[in-house]
Amino acid sequence: MPETKTSEQILKIARQILATQGLGAVSFDAIARELGRSKQAVLYWFPTKQALLGAMFLPWLEAEAEVADAALAVANDAPEAIGTFVRAVADFHFQDIDRFRMMYLVPQTLKASGQGGGKVFVEQVHPVTDRLYGALASRLEGEAELRRRDAVAIHASVLGLVALFGLTESLNDPLKHGKSEMVEAIVRRLGGV
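Its first residue numbered 865, the sequence shown is counted upward by one per residue in our numbering.
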């Protein structure tokens, strides 16, 4: 089995365990059992839980940043940047709500479960979020410090909307308004077009 295949298989198994059994079930032993290899084989590729979690989540975060970059590339002014950013990021997450849950909800449980992602994980996340917020901030108007805060707030608004739809989906209690209607409401209220 090629080396890259083994690491990809480990990540696939870890994501399946996470999605079906929760974070507490994601262990090197459980992954090794599913993989049909020793725990040491898993540890060879991911020597710490932080390394494993980083490899699971970071590609998704990078994909989100790439989607945002591509959307912002066609924006001609601040209102258009807001509109394209909100629509693109919302669409990215609505396409795979389970991925969204794993990206933004599961990491919140790490500290509470005693399985903190640690400094290494955070250090890997910051360059990606800096790029994401920086790309949007560079297309907004006003002082640089305020533009970055605005970019974070815009992104948080989108994430909140997606989280709300994820909640209503899991409870089988749909909102009275559709996803596209609510995305457009956010765009409008944030001053986008």
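For every residue, glycine included, the Cβ atom is placed at its ideal position computed from N, Cα and C.
None of the values given here were measured: they were computed from a predicted structure.
Quick one: Cα of residue i to Cα of residue j, how far?
i, j, result
"L969", "R995", "21 Å"
"L925", "F949", "15 Å"
"A945", "Q904", "48 Å"
"M1046", "A932", "19 Å"
"A954", "V890", "28 Å"
"W909", "N1036", "39 Å"
"Y997", "R1003", "10 Å"
"V817", "L916", "Residue 817 is absent from the structure shown; the chain starts at 865 and stops at 1057."
"G947", "S1044", "12 Å"
"M967", "P943", "27 Å"
Do you know whose CA, among the options, lies nearest residue i's CA?
i, options, result
"F956", "A927, Q972 and I946", "A927"
"F892", "Q885, G886, Q880 and V906", "V906"
"K913", "E1033, A937, E930 and L887", "L887"
"I881", "K869, I895 and T870", "I895"
"A1020", "S871, L1039, L1054 and K983", "L1054"
Using a Cβ distance threshold of 8 Å, determine whether the segment 903–920 contacts the segment 870–878, with at least three qualifying pairs required.
yes
Quick check: the segment 982–992 against the segment 1002–1022, are there 3 or more CB pairs under 8 Å?
no
Of all the alpha helix (DSSP H) runs that stay within the bounds of the segment 916–1004, which reach a length of 4 or more residues?
942–958, 961–964, 970–976 and 982–1001
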